[in-house]
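**Q** Just passing along the structure, written as structure tokens.
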Amino acid sequence: MAEAIQQLILDILEKHSSIKDTRQLTLPGQSSQAASQDEQIAILGALNSLLSREMITYETHETLSHALTEEGAQLSLTGSHEARVWAALPERGAGEPVAPQQLKTLVGDETAKVGQGRAFKAGWIAKEGGGLVKAVSEIKDTTQLELRDVDSTGTLEAGEKSLADLRKRKLITQRKGQWFTVHKGPGFSTSIAKPETDLTVEMLSSGSWKTSTFKKYNFEADGIPTNGGALHPLLKVRDEIRNIFLEMGFEEMPTDTFVESGFWCFDALFVPQQHPAREVQDTFYLSDPTTSLDPPKDYYERVSAVHSKGGYGSTGYRAPWSHEESRKLLLRTHTTASSASMLYKLAALCRGEKVSDDVLNSDIGGPAPTGDGSGDKGDGFRPAKLFSIDRVFRNETLDATHLAEFHQVEGVVADRNLTLADLIGFMRVFFKKMGLENLRFKPAYNPYTEPSLEIFAFHPDLNKWVEIGNSGMFRPEMLEPMGFPKDVRVHGWGIGLERPTMIRYGINNIRTLVGHKTSIDEIERYPAVRF
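Written out as structure tokens, the structure is:
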């Protein structure tokens with residue numbers, strides 16, 4: 001069909017040099033009537049194809065017309081709402097007036113609702129004895145006549161006011177159309193054979209290239225953009241925070257154990273078994289398998305004893321101990337579960353045990369980063385600075401600032417005789433490298449740290465103080481059952497990864513940072529972060 005239209009246009013141009021109005025064309029396979037608006041679309045495709053080969057030029061002309069809506073088409077056949085209301089009523093004095101509720105039964109709710117008011121306005125009906133009757137014996141259904149006129153001509157002789165009224169009643173809709181004036185182009189020909197786009201070996205060997213017509217090469221056309229990978233904003237911020245830890249002499253902990261037992265996630269951290277965070281409203285528990293393997297027996301007994309009976313200078317929680325609660329498998333709620341496991345392995349050196357973990361045997365440990373620098377006292381302890389950045393899971397209600405899966409950044413420092421001042425000093429250095437120098441520390445409570453501090457920073461854009469992290473010194477009830485000497489102290493602090501990322505990139509809804517609403521184009525355009 002497209003080639004037939006192209007040939008028709010070229011043949012007419014060969015005879016008449018131009019086509020003044022493509023609406024007058026009689027297309028192939030069509031009767032003698034003018035081309036419809038839908039057929040003008042097919043004509044446009046043919047014109048663009050000929051234009052690309054410089055065979056023609058054309059101008060576009062806009063037109064406006066109207067078409068009946070589904071309701072308008074129905075009213076053009078059955079009559080307007082007001083005419084149908086009038087027809088359902090008796091003449092004055094010739095019958096019982098029709099009550100409004102009865103009218104709805106006769107003509108329908110919508111017809112009665114719309115037609116009653118318009119019939120009153122036209123003076124066609126009147127009230128009588130609590131009901132409705134005809135006020136005139138004859139009417140002219142102007143709306144129906146206008147709809148039929150629009151249907152046949154696309155316009156209305158009555159003028160724009162009547163068209164506007166029909167549009168307001170949603171009986172007609174406005175349609176934009178177009179038609180074209182066509183002229184010969186510099187490459188005009190009556191042949192529609194497509195030019196060659198490539199010079200092939202066959203054309204060279206046969207010599208057919210000498211008589212072939214080639215499509216012009218557009219040297220100004222842009223090439224296809226190359227697709228490349230891009231780091232997600234979370235990964236950019238994660239790398240920057242990792243570099244800060246590495247600059248400060250920290251070493252990264254393995255944190256690939258997304259599934260933890262209740263023992264390592266809570267019990268080893270001296271979190272009571274009755275704590276609200278261990279309920280299903282806050283924690284995701286596994287349904288298959290449901291229970292973990294037993295932890296080291298001696299360590300397990302020391303942890304259960306300090307919980308239920310006390311020890312190491314503590315009275316404990318004095319609450320019944322549940323072996324089943326301790327063995328439950330769950331998605332870890334914090335990376336501190338991995339920190340507890342690493343600290344237990346580090347304490348194994350103090351217990352005189354052989355540790356198989358290559359990281360603990362070689363990398364972790366060295367000169368004391370803070371404290372008195374007393375070094376090895378013959379108990380096998382080695383200072384350590386560890387960090388992790390990984391995913392955690394909590395049974396949160398999803399909203400603009402909360403997800404059920406997010407990232408936690410955690411740092412741990414173990415050394416002899418550390419103090420709260422050392423912890424605050426570490427915090428100030430760490431956050432200064434993140435560009436946050438105006439800090440405040442507020443006392444807080446955590447089951448596994450004492451003392452504990454919440455960390456606040458002043459946000460200049462929000463013009464207020466915002467909480468950015470939590471910190472504290474791990475309790476003796478947690479450290480000494482692991483086997484650490486009494487003079488060993490451990491600092492711990494953590495922040496989220498999503499909130500700094502949202503602040504850094506101006507994102508106000510976490511659901512557009514990760515998930516199906518994330519814009520791939522935005523990810524490709526986000527710059528690298530520099531604190």
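Residue numbers are given in full-length UniProt numbering: position 489 of the sequence shown equals residue 489, and the series is strictly consecutive.
All residues carry an ideal CB built from backbone N, CA and C; glycine is no exception.
Between the Cα of Glu260 and the Cα atoms of Leu329, Lys140, Glu251, Ser452, which residue gives the shortest distance?
**A** Glu260 has its Cα closest to that of Leu329, out of Leu329, Lys140, Glu251, Ser452.
**Q** If you run the structure through DSSP and keep just helix, strand and coil, what is Lys345?
**A** Lys345: helix per DSSP, three-state reduction.
**Q** Would you decide whether Tyr217 is buried or exposed? Buried here means 16 or more other CB atoms lie within 10 Å of its CB.
**A** The residue is exposed, with fewer than 16 neighbouring Cβ atoms inside 10 Å.
**Q** Are the CB atoms of Ile224 and Glu3 within a distance shorter than 8 Å?
**A** No, the pair does not count as a contact, with Cβ atoms beyond the cut-off.
**Q** Starting from the C-beta of Ala404, find all residues in its chain whose C-beta is less than 7 Å away, skip the five residues before and the five after it, and write them out in chain order.
**A** If we look at Ala404 and ignore the five residues flanking it on each side, its Cβ neighbours are Phe393, Arg394, Asn395, Glu396, Leu398.
**Q** How about Thr336 and Glu410: are their beta carbons less than 8 Å apart?
**A** Closer than 8 Å, so yes.
**Q** Put Lys15 into one of helix, strand or coil per three-state DSSP.
**A** Lys15: helix per DSSP, three-state reduction.
**Q** Between which residues of its own chain and Lys432 is the CB-CB distance below 7 Å, once the five residues before and five after are set aside?
**A** Answer for Lys432: no residue qualifies.
**Q** Rounded to the nearest angstrom, what separates Arg351 and Gly380 at their Cα positions?
**A** Taking the straight line from one Cα to the other gives about 8 Å.
**Q** When the Cα atoms are used, what is the spatial distance from Ala400 to Ala444?
**A** Cα-Cα distance, rounded: 26 Å.
**Q** Of all the alpha helix (DSSP H) runs that stay within the bounds of the region 238 to 309, which reach a length of 4 or more residues?
**A** You should have 262 to 265, 297 to 308.
**Q** What does the alpha-carbon distance come out to for the pair Ile495 and Leu418?
**A** Rounded to the nearest angstrom, the two C-alpha atoms are 21 Å apart.
**Q** For the beta strand (DSSP E) that contains Asp422, what are its first and last residues?
**A** Run containing Asp422: none in the beta strand (DSSP E); it sits in the alpha helix (DSSP H), 420 to 433.
**Q** Is the distance from the Cβ of Met342 to the Cβ of Leu386 below 8 Å?
**A** Yes, they are a contact pair.
**Q** Tell me the rounded alpha-carbon separation between Tyr58 and Thr190.
**A** Tyr58 and Thr190: Cα-Cα distance of roughly 17 Å.
**Q** Count Cβ pairs between the region 281 to 290 and the region 451 to 468 that sit closer than 8 Å; are there 3 or more?
**A** The region 281 to 290 is not in contact with the region 451 to 468.
**Q** Confirm, please, whether the CB-CB distance from Gly229 to Arg327 is below 8 Å.
**A** No; because the gap between Cβ atoms is not below 8 Å, this pair is not in contact.
**Q** Is the separation between the beta-carbon of Gly154 and that of His66 shorter than 8 Å?
**A** Contact: yes.
**Q** From this set, Gly316, Ser322, Arg302, which residue's C-alpha is nearest Gly483's C-alpha?
**A** For Gly483, the nearest C-alpha among the options comes from Arg302.
**Q** DSSP on Pro451, reduced to helix/strand/coil?
**A** Three-state result, Pro451: strand.
**Q** Under three-state DSSP, which class holds Val490?
**A** Of the three classes helix, strand and coil, the one that applies to Val490 here is strand, per DSSP.
**Q** Would the region 44 to 59 and the region 102 to 119 be scored as touching if the rule is three or more Cβ pairs under 8 Å?
**A** As far as the Cβ criterion goes, the region 44 to 59 does not touch the region 102 to 119, which means the pair count is below three.
**Q** Look up Met55 in the DSSP assignment and say whether it is helix, strand or coil.
**A** Three-state DSSP puts Met55 in coil, outside helix and strand.
**Q** Using the C-alpha atoms, what's the distance from Phe219 back to Asn227?
**A** Whole-angstrom Cα-Cα distance: 22 Å.
**Q** Which residue's Cα is closest to the Cα of Pro320: Leu199, Val133, Tyr312, Pro272?
**A** Comparing Cα positions, the closest option is Pro272.
**Q** Given a threshold of 16 other Cβ atoms within 10 Å of its Cβ, counted over all protein chains shown, does Asp415 qualify as buried or as exposed?
**A** Label assigned to Asp415: buried.
**Q** Taking the Cβ atom as the reference point for each residue, do Ser338 and Met248 lie within a distance shorter than 8 Å?
**A** Not closer than 8 Å, so no.
**Q** With DSSP collapsed to three states, give me the class of Ser471.
**A** Strand at Ser471.
**Q** Following the continuous beta strand (DSSP E) through Gly411, name the residue where it begins and the one where it ends.
**A** Counting along the chain, the beta strand (DSSP E) containing Gly411 begins and ends at 405 to 416.
**Q** Can you check which of these residues, Arg332, Gln281, His516, is closest to Arg391 by C-alpha distance?
**A** Nearest C-alpha to Arg391: Arg332.
**Q** Of the residues Ala119, Glu202, Arg382, which one's Cα is nearest the Cα of Ala347?
**A** Selected option, being the one with the closest Cα: Arg382.
**Q** Would you mind sorting Ser374 into buried or exposed? The rule is 16 or more other CB atoms within 10 Å of its CB.
**A** In this prediction, Ser374 scores a pLDDT of 45, lower than 50, which makes its location untrustworthy; the coordinate-derived value is nonetheless stated afterwards. Looking at its Cβ environment, which holds fewer than 16 other Cβ atoms inside 10 Å, Ser374 is exposed.
**Q** Can you tell me whether DSSP reads Thr173 as helix, strand or coil?
**A** It is a strand residue.
**Q** Write down the C-beta distance between Thr60 and Gln178 rounded to the nearest angstrom, noting that I regard them as a contact closer than 8 Å.
**A** About 6 Å; that satisfies the 8 Å criterion.
**Q** Can you have a look at Asp21 and say buried or exposed, based on whether 16 or more other CB atoms are within 10 angstroms of its CB?
**A** Counting Cβ neighbours within 10 Å, Asp21 comes out exposed, since fewer than 16 surround it.
**Q** If Ala119 sits next to Val150, beta carbons under 8 Å apart, how far is it from one beta carbon to the other, in whole angstroms?
**A** In fact, because the Cβ distance is near 22 Å, the residues do not count as touching under 8 Å.
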